[in-house]
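Under my numbering, the first residue of the sequence shown carries the number 2, and numbering increases by one thereafter.
No residue lacks a Cβ here, since even glycine has one placed at the ideal position from N, Cα and C.
So the structure is just underneath, and the comments pick up after that.
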Amino acid sequence: MKKFLYFIALVLFLVGCGSDFPGQPSDVVRVQQTKYGNGNLKEEIPYNKESRIHGVKRTFYPEGQLESEENYKNGKKEGISKEYYENGQLMAELNYKNNEKVGEFKGYFPNGKLQVEGKFSSNGKGYVGSFKEYYEDGNLKKEENYNNEGKEDGLQKFYNADGSLRSERNYKNGTKDGIFRTYENGAVIKEQEFKNGALIQKSN
């Protein structure tokens with residue numbers, strides 16, 4: 002009897018400390034699971050031998066559809082993270098490095114069309130380069146530009162749902178600098194000029 006119990010304990014130990022977890026790195030030693038009241042899987046979290054989250058963390062909707070996938074390395078987000086709508090369509094995709102958002106990201110509408118796209122600044126707290134947002138039919142809603150510090154820089158454009166230009170603004174290192182215009186039916190109805198954040202001229 003004692004030998005049998007020892008054998009069972011050994012099997013359980015090997016299962017808990019093994020590396021054969023589908024879709025997980027070889028150094029994952031256990032995967033913690035929680036479930037909804039209906040018995041469906043709610044969340045699974047992989048851990049390494051230091052008891053830090055390590056590998057692919059997944060969450061699920063109550064009816065069983067995948068809600069999110071996040072990659073971790075030794076307790077910190079590292080690599081691609083994805084979120085999904087209940088219909089299975091990809092909602093968002095972004096990258097992490099050492100727990101900070103980095104690089105390009107994209108967001109989608111439930112119908113699969115692109116909603117936003119851009120690139121995170123090096124500190125992960127702002128954007129760099131071009132940031133674009135779209136209407137659900139695919140028309141461009143706005144286009145903003147940012148410098149390497151994540152501050153608005155250069156020409157920013159905003160559009161109506163029909164694709165016509167609604168307004169345009171100029172910034173320099175996060176400060177209003179240059180011409181601001183508002184349009185209606187293709188014609189300028191308001192124009193302002195700024196210098197270092199101060200309004201120096203306006204019309205209409």
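Please work out which residues of its chain come closer than 8 Å, Cβ to Cβ, to V57, disregarding the five sequence neighbours upstream and downstream, and give them in chain order.
Excluding positions up to five away in sequence, the list reads G24, Q25, P47, E70, E71, N72 and Y73.
Looking only at its own chain, which residues have a Cβ that is under 7 Å from the Cβ of N49, when we skip the five neighbours before and after it?
Hits under 7 Å: D28, V29, V30, H55 and N75.
Spatially closest choice to Q116 from K133, Y184, S204 and K78, by CA coordinates:
For Q116, the closest of K133, Y184, S204 and K78 by C-alpha to C-alpha distance is K133.
Name the two residues that bound the continuous beta strand (DSSP E) containing F61.
DSSP places F61 in the uninterrupted beta strand (DSSP E) bounded by G56 to F61.
Do you know whose CA, among N96, N100, L91 and N99, lies nearest G108's CA?
Nearest C-alpha to G108: L91.
With a Cβ-Cβ cutoff of 8 Å, do N41 and F61 count as a contact?
Note that the C-beta distance between N41 and F61 is below 8 Å.
To the nearest angstrom, how far is the alpha carbon of E192 from that of N140?
If I take the Cα positions, the gap works out to 25 Å.
Output needed for Y97: all residues of its chain with C-beta closer than 7 Å, excluding positions within five of it in sequence on either side, in chain order.
Once the five neighbours on either side are set aside, the close Cβ partners of Y97 are K78, E79, G80, S82 and V103.
Within the 8 Å Cβ cut-off, does K120 reach chain B?
Reference to chain B is not applicable here, since this structure consists of a single protein chain.
Under a three-way DSSP split, which group does Y48 fall into?
Assignment of Y48 by DSSP, reduced to helix, strand and coil, places it in the strand class.
Looking only at DSSP bridge pairs, what is R31 linked to?
Residue pairing by DSSP places R31 opposite Y48 in a beta bridge.
So which of Q66, E51 and F22 has the shortest CA-CA distance to Y37?
The residue with the shortest Cα to Cα distance from Y37 is Q66.
Specify the secondary structure class of G155 as computed by DSSP and reduced to three states.
Per DSSP, reduced to three states, the secondary structure at G155 is strand.
Quick one: grab the DSSP three-state call for G104.
Residue state for G104 is assigned as strand, using DSSP reduced to three classes.
Given a cut-off of 8 Å on the beta-carbon distance, is the pair S168 and T183 in contact?
Yes; because the gap between Cβ atoms is below 8 Å, this pair is in contact.
Considering Cα atoms alone, identify which of N161, E144, E137 and F106 is closest to A93.
Of the candidates N161, E144, E137 and F106, the one whose C-alpha sits nearest the C-alpha of A93 is F106.
Rounded separation between E144 and Y135 - CA only
Pairing E144 with Y135, the inter-Cα distance amounts to about 9 Å.
As a quick exercise: from N174, A188, G179 and Y85, pick the residue whose alpha carbon is nearest that of G127.
Checking every option, the nearest Cα to that of G127 belongs to N174.
Enumerated in chain order, which unbroken segments of the beta strand (DSSP E) with a length of 3 residues or greater are wholly contained in the segment 71–129?
Runs of the beta strand (DSSP E) inside the segment 71–129: 77–85, 91–98, 101–109 and 115–121.
What are the partner residues of G179, as DSSP defines its beta bridges?
According to DSSP, G179 bridges with F195.
With distance defined between alpha-carbon atoms, name the residue in G130, I180, S123 and A199 nearest to N99.
Ranking G130, I180, S123 and A199 by Cα distance to N99 puts S123 first.
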